[in-house]
Amino acid sequence: MNLSMESAPGLVAVTLVALATLGIGTWGLRFSRTTSDFMVASRSVAPRLNASAIGGEYLSAASFLGVAGLVLVFGADMLWYPIGWTAGYLVLLVLVAAPLRRSGAYTLPDFAEARLGSRPVRLVCSLLVVCIGWLYLLPQFQGAGLTLHSAVGAPTWSGPVIVGLVVLVNSVSGGMRSITFVQAFQYWLKLTALLVPAAVLVAVWVGDGTPGAATSEAWGAGGWSTPLGEGGGQGLYLTYSLILATFLGTMGLPHVVVRFYTNPDGAAARRTTLVVLALLGVFYLLPPVYGALGRVYASELAVSGRSDVLVLELPRLMLDGPVGDVLTGLVTAGAFAAFLSTSSGLAIAVAGVLSQDVTWRGPRGRLHGITAFRIGAVLAVTVPCAVAVAAPSVGVARTVGLAFAVAASTFCPLLLLGIWWRRLTDAGALAGLVVGGLGSGTAAAITLSWSTDHGWAGVLVEQPAAWSIPLALTTMVVVSLLTPRRVPAHASRFMVRLHAPETLELDRG
Amino acid sequence: MSEPRRPSRPERVRVTRPPQRSASRARAGELAETRLGGVYMRSLLREQLRLAWWVLGALTLGVGALPLLFWAAPALAGVHLLGVPLPWLLLGVAVYPFLLALGWWYVVRAERNERHFAELLEGSERP
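So, in C-alpha cells, the structure goes:
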C-alpha cells in the first residue's frame, strides 16, 4: 500500500463515509429501544424519508459501478439493467406493495406462513432468503475490494473486511431504525457523487470539442449502440430473460420487502414506491453518461477487462490536478456508500430471518430477541465476506443479475399467487419454490463457477429467468389445483385483510 | 444498550416479531363470510386486478416491446435525434418518466377504487 498523493483523495473519502455512517447510525441509536425498532423501525417512517432510504439501500455497487462498466464494454443493450431495476418497482407497486404491507408480514417467510399456515413452506422461504441475500452480498463485498484497490491501492481483501466491519457495527448496534437514517443519507450522497462529476466531465468533453459525437462509428462500432448486442435469436432471448428477471425479481429481494413493513399503512406503501420510482429514475440517467464518456476517454479499460472501475478512474483520465483529485474522492465516497447501504439492508434482512427461524442456544438456554438478531447479523456478514475474499470476481452487475433471477423464480410466483389467487395451497407453493429455486439456483451456480460457452445451452444457463419463472409459476398453479383440499381455511379472511383499505378496519378498531 | 432502568420508562417488552393486529379480525371475518361482503370484496379485487393489468399492459407495450422493435427494424438504431442515437434516447432517458407516469396513474386510480369500496360499505351499513 503506497500512501502517495495519488491515494489521498480516496483515503479521505472512504474514511469520511465510514465515519459519517457510524455517526448517523449512533445518532439513530437514541431512538432504537425495542426489537420492533431494531427490525422495522416500529413502522413509523414517513413516505419521503422511507423512499430515500429504499433508494439508498437499493442502489448497490451494481448500479453505481457495474452499469457504467457494462455500457462501456457491451453498449446499449446493457441499459436494460437499470431499466429493469426501476421497472421492477413499478411491477411491485402495481401487484404487491399495498397488500404486502397489509399482510402484516415483516419478512417473506412471515408472509408465507401467515398466508399458508405451513412450517415447511416457511423454512424453504427462509433458506431462499439466506441464499439470495448471500448471492447479492457477494458482489457488494467484491466491489468494495475493487474500489479500495483502485482508489487507495489497498490489497483486495481489505475492502470486504472494512465494509463487513462497518455494516456489522451499525446493524448490530442500531438495527433498522438507525439504518433508515443512514440509508436516506446515502441515497443523496450517491446521487451527488455521480451527478457533480458527470456535470464537470461533460463540460470537459464539450470543451474538448465533443470528440466522438459527430462520427457515427463511435456510436455504431460493433453494434455498440444497438440495444441487442450481438443480435439474433440469442441476443433477443438474453434481453428478454434479463427483462423478466429484473421486472419480476425486485419484489422477491429480501431487503426490499422488509422496507415495506416500515410504512405506516398500505396507502403509504404505494406512495413510498412512487417516490422510489422517481428517485431511481433520476439516478439511472447518470451511469450511461459515464459509459459513453468512457467510450471516448477510457477505451483501454474495456480492453483490459477492468471496466468495473470506469466510474472511479474516469475523472483522473479526463482531468489533471486538484479538480481530478476532488472528483475522484467524490466518486469513491459514492461507491463506498453504495456498498455500505446495500450490504446493511441485506445483512439486516438475512439476520432477521436467521434469528427467527434458527434456534440459538446460549449458556443460559435459548437466546431471544436482540441477542439472536446480533448473532444472526454476524453470520449474515461473515459468510459472504469470506467467500468474497477467497473467490475471484465474476463481474458485479452480472452476479446481482443472477440474484434477481433466483428471486424472480421463487418469491415472485409465491407473492403473486399468494396475494391474488385464493386457491394457492401449501403443497403448490412448496413444489413451485423448490422447482424454481433449484432451476435458477443451479443455473446461477454453473454461471458463477464455470465460464459458459456461447451455444444455446450456455445462453439458457446464463439467463435462466425466461424459463425458470414460467416453470415455477406453472408448478405452483398445477400442484395447487391437484390439492384443492389443502386450501387454508383462513384464505378468504386473509384475502380481505390484504385488499381492504385500512380506513375501514380502523373504524371498527 | 444497558442503561439504568428508570421508573418513568415503561417496562421493556421482549418482542421477537411485530405484533399481529387482531382488532380488525371481526370486520375481516364479516367481509369474508357473509354473502354480501363476499360480493363487495370480489368486486374490489376485480377492479384492482384490472387496473394492474392495464398498467402492466402499458409497460409491456411501451417498454417490453422495444427489443422486438429494434430486432425487427435494425435500421432504427441508426436514427439520430438531437445528435443522440434513438435507442440511447429511448432506453437511457425517455423510459424513466414513462415509468413514473404509469406509477402515478396507478396510485391515483387504486386509491379511488378503495375509496369507492369504503363508501359502498358505509352506505350498506347505514341505510
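Protein chains in written order, with the working numbering: chain W, 1 to 509; chain V, 1001 to 1127. Glycine residues also receive a C-beta, built at the ideal position from the N, C-alpha and C atoms.
Report yes or no: do the stretch 138 to 154 of chain W and the stretch 271 to 291 of chain W share at least 3 C-beta pairs separated by less than 8 Å? No: the two stretches stay apart, fewer than three of their Cβ pairs being nearer than 8 Å.
Residues that DSSP places opposite residue 1081 of chain V in a beta bridge: As a working mapping, residue 1081 of chain V is identified with position 81 in the second sequence. Looking at the DSSP assignment, residue 1081 of chain V forms a beta bridge with V/1084.
Counting only beta-carbon atoms, is residue 1094 of chain V nearer than 8 Å to chain W? As a position in the second sequence, residue 1094 of chain V is number 94, starting the count at 1. No, residue 1094 of chain V lies away from the interface with chain W (no Cβ there is under 8 Å from its Cβ).
Output, in sequence order along the chain, the residues in the stretch 1100 to 1115 of chain V whose CB is closer than 7 Å to any CB in chain W. Under the 7 Å Cβ criterion, the stretch 1100 to 1115 of chain V contributes 1100, 1102, 1103, 1104, 1106, 1107, 1110, 1111, 1114.
Under 8 Å between the Cβ atoms of residue 251 of chain W and residue 91 of chain W? Along the first sequence, one-based indexing puts residue 251 of chain W at 251. Along the first sequence, one-based indexing puts residue 91 of chain W at 91. Less than 8 Å separates the beta-carbon of residue 251 of chain W from that of residue 91 of chain W.
With 8 Å set as the bound, which would you pick, yes or no: does the beta-carbon of residue 87 of chain W sit closer than that to a beta-carbon of chain V? Numbered from 1 along the first sequence, position 87 holds the residue referred to as residue 87 of chain W. At least one beta carbon of chain V lies nearer than 8 Å to the beta carbon of residue 87 of chain W.
I want to verify the contact list: residues of chain V whose CB lies under 9 Å from the CB of residue 240 of chain W, in sequence order. Residue 240 of chain W sits at position 240 when you count from the first residue of the first sequence. 1064, 1067, 1068, listed in chain order.
What runs of the alpha helix (DSSP H), each 4 residues or longer, lie entirely inside the stretch 298 to 342 of chain W? Runs of the alpha helix (DSSP H) inside the stretch 298 to 342 of chain W: 299 to 303, 310 to 318.
Say whether chain V places a C-beta atom closer than 8 Å to the C-beta of residue 270 of chain W. Translated into the one-based positions of the first sequence, residue 270 of chain W becomes position 270. Yes - at least one Cβ of chain V is within 8 Å of the one on residue 270 of chain W.
If you follow the alpha helix (DSSP H) that residue 501 of chain W is part of, which residue opens it and which one closes it? As a working note, residue 501 of chain W is residue 501 in the first sequence. If you look at residue 501 of chain W, you'll find it isn't in any alpha helix (DSSP H); DSSP assigns it neither H nor E.
Tell whether a beta-carbon distance below 8 Å holds between residue 64 of chain W and residue 380 of chain W. Residue 64 of chain W sits at position 64 when you count from the first residue of the first sequence. Residue 380 of chain W sits at position 380 when you count from the first residue of the first sequence. Not in contact: residue 64 of chain W and residue 380 of chain W (Cβ atoms no closer than 8 Å).
I want to verify the contact list: residues of chain W whose CB lies under 8 Å from the CB of residue 1045 of chain V, in sequence order. Within the second sequence, numbered from 1, the residue matching residue 1045 of chain V stands at position 45. Among the residues of chain W, those whose CB is under 8 Å from the CB of residue 1045 of chain V are 420, 495, 499, following chain order.
Does chain V have any CB closer than 8 Å to the CB of residue 503 of chain W? As a first step, residue 503 of chain W must be located in the first sequence, where it is residue number 503. Interface residue, yes.
Burial state of residue 491 of chain W, where buried means 16 or more other Cβ atoms lie within 10 Å: Locating residue 491 of chain W in the first sequence gives position 491, where the first residue counts as 1. A residue is called buried once 16 or more other Cβ atoms fall within 10 Å of its Cβ, and residue 491 of chain W is buried on that count.
Do you know offhand how far residue 1085 of chain V's Cα is from residue 295 of chain W's? Working through the second sequence from its first residue, we reach residue 1085 of chain V at position 85. Working through the first sequence from its first residue, we reach residue 295 of chain W at position 295. Spanning the two alpha carbons is a distance of roughly 15 Å.
What three-state label does DSSP hand residue 1108 of chain V in the structure shown? Numbered from 1 along the second sequence, position 108 holds the residue referred to as residue 1108 of chain V. Of the three classes helix, strand and coil, the one that applies to residue 1108 of chain V here is helix, per DSSP.
Determine the chain V residues that contact residue 284 of chain W at a beta-carbon separation under 7 Å, and present them in chain order. Mapped onto the first sequence, residue 284 of chain W falls at position 284. 1096, listed in chain order.
If we cut at 8 Å on Cβ distances, does residue 203 of chain W have a partner in chain V? The residue labelled residue 203 of chain W in the question sits at position 203 within the first sequence. For residue 203 of chain W, the answer is no, since every Cβ of chain V falls outside 8 Å of its Cβ.
Is the Cβ of residue 1052 of chain V closer than 8 Å to any Cβ of chain W? For the purposes of this step, residue 1052 of chain V is taken as residue 52 along the second sequence, with counting starting at 1. Against chain W, the CB of residue 1052 of chain V has a partner CB under 8 Å away; the residue lies at that interface.
For residue 349 of chain W versus residue 129 of chain W, is the C-beta distance shorter than 8 Å? For the purposes of this step, residue 349 of chain W is taken as residue 349 along the first sequence, with counting starting at 1. For the purposes of this step, residue 129 of chain W is taken as residue 129 along the first sequence, with counting starting at 1. With a cutoff of 8 Å on beta-carbon distance, residue 349 of chain W and residue 129 of chain W are scored as near each other.
Just verifying my parser: in three-state terms, what is the DSSP assignment at residue 106 of chain W? Within the first sequence, residue 106 of chain W is the residue found at index 106, counting from 1. Coil, per DSSP.
Does chain W have any CB closer than 8 Å to the CB of residue 1055 of chain V? Start at 1 with the first residue of the second sequence, and residue 1055 of chain V comes out as number 55. Answer yes: the Cβ-Cβ gap between residue 1055 of chain V and chain W drops below 8 Å somewhere.
Please report the straight-line C-alpha distance between residue 1090 of chain V and residue 371 of chain W, rounded to a whole angstrom. Looking up residue 1090 of chain V in the second sequence gives position 90. Looking up residue 371 of chain W in the first sequence gives position 371. Whole-angstrom Cα-Cα distance: 50 Å.
Cutting at 6 Å between CB atoms, please list the residues of its own chain near residue 186 of chain W, excluding the five before and the five after it. For the purposes of this step, residue 186 of chain W is identified with residue 186 of the first sequence, where counting begins at 1. Counting only Cβ-Cβ distances below 6 Å, and skipping sequence neighbours, we find 56, 337, 341.
Local conformation of residue 966 of chain V per DSSP, three classes: Nothing in the structure corresponds to residue 966 of chain V, since chain V is present only between 1001 and 1127.
Please classify residue 102 of chain W: is it buried, with 16 or more other beta-carbons within 10 angstroms of its beta-carbon, or exposed? Locating residue 102 of chain W in the first sequence gives position 102, counting from the first residue. That one is buried.
Roughly how many whole angstroms lie between the Cα atoms of residue 1056 of chain V and residue 158 of chain W? Residue mapping note: residue 1056 of chain V aligns to position 56 of the second sequence, counting from 1. Residue mapping note: residue 158 of chain W aligns to position 158 of the first sequence, counting from 1. Whole-angstrom Cα-Cα distance: 44 Å.
So the candidates are W/310, W/312, W/254; which of them puts its Cα closest to the Cα of residue 343 of chain W? For the purposes of this step, residue 343 of chain W is taken as the residue at position 343 of the first sequence. Minimum Cα distance to residue 343 of chain W is reached at W/254.
Of the residues W/318, W/419, W/444, which one's Cα is nearest the Cα of residue 205 of chain W? The residue labelled residue 205 of chain W in the question sits at position 205 within the first sequence. Nearest of W/318, W/419, W/444 to residue 205 of chain W, Cα basis: W/318.
Identify the continuous alpha helix (DSSP H) that holds residue 77 of chain W and give its terminal residues. Within the first sequence, numbered from 1, the residue matching residue 77 of chain W stands at position 77. Counting along the chain, residue 77 of chain W falls outside any alpha helix (DSSP H), and DSSP gives it neither H nor E.
Work out the CA separation of residue 1064 of chain V and residue 303 of chain W for me, nearest whole Å. Taking the first residue of the first sequence as 1, we reach residue 303 of chain W at position 303. Taking the first residue of the second sequence as 1, we reach residue 1064 of chain V at position 64. Take the alpha-carbon of residue 303 of chain W and the one of residue 1064 of chain V: they are about 31 Å apart.
Please return the same chain residues whose Cβ sits closer than 7 Å to the Cβ of residue 268 of chain W, not counting the five positions on each side in sequence. Stepping through the first sequence from its first residue, residue 268 of chain W is reached at position 268. Taken in chain order, the residues that qualify are 47.
Which chain W residues are close to residue 1089 of chain V, counting only those with a beta carbon under 8 Å from its beta carbon? Taking the first residue of the second sequence as position 1, residue 1089 of chain V is located at position 89. Residues of chain W passing the Cβ test: none, with the nearest at roughly 10 Å.
Residues of its chain near residue 439 of chain W, where Cβ-Cβ distance is below 8 Å and the 5 sequence neighbours each way are ignored: Taking the first residue of the first sequence as position 1, residue 439 of chain W is located at position 439. In the same chain as residue 439 of chain W, and ignoring 5 residues on each side of it, the C-beta atoms closer than 8 Å to its own belong to 409, 464, 467, 468, 471, 472, in chain order.
Does the Cβ of residue 80 of chain W have 16 or more other Cβ atoms within 10 Å, making it buried, or fewer, making it exposed? Here residue 80 of chain W refers to the residue found at position 80 of the first sequence. Under this definition residue 80 of chain W is a buried residue.
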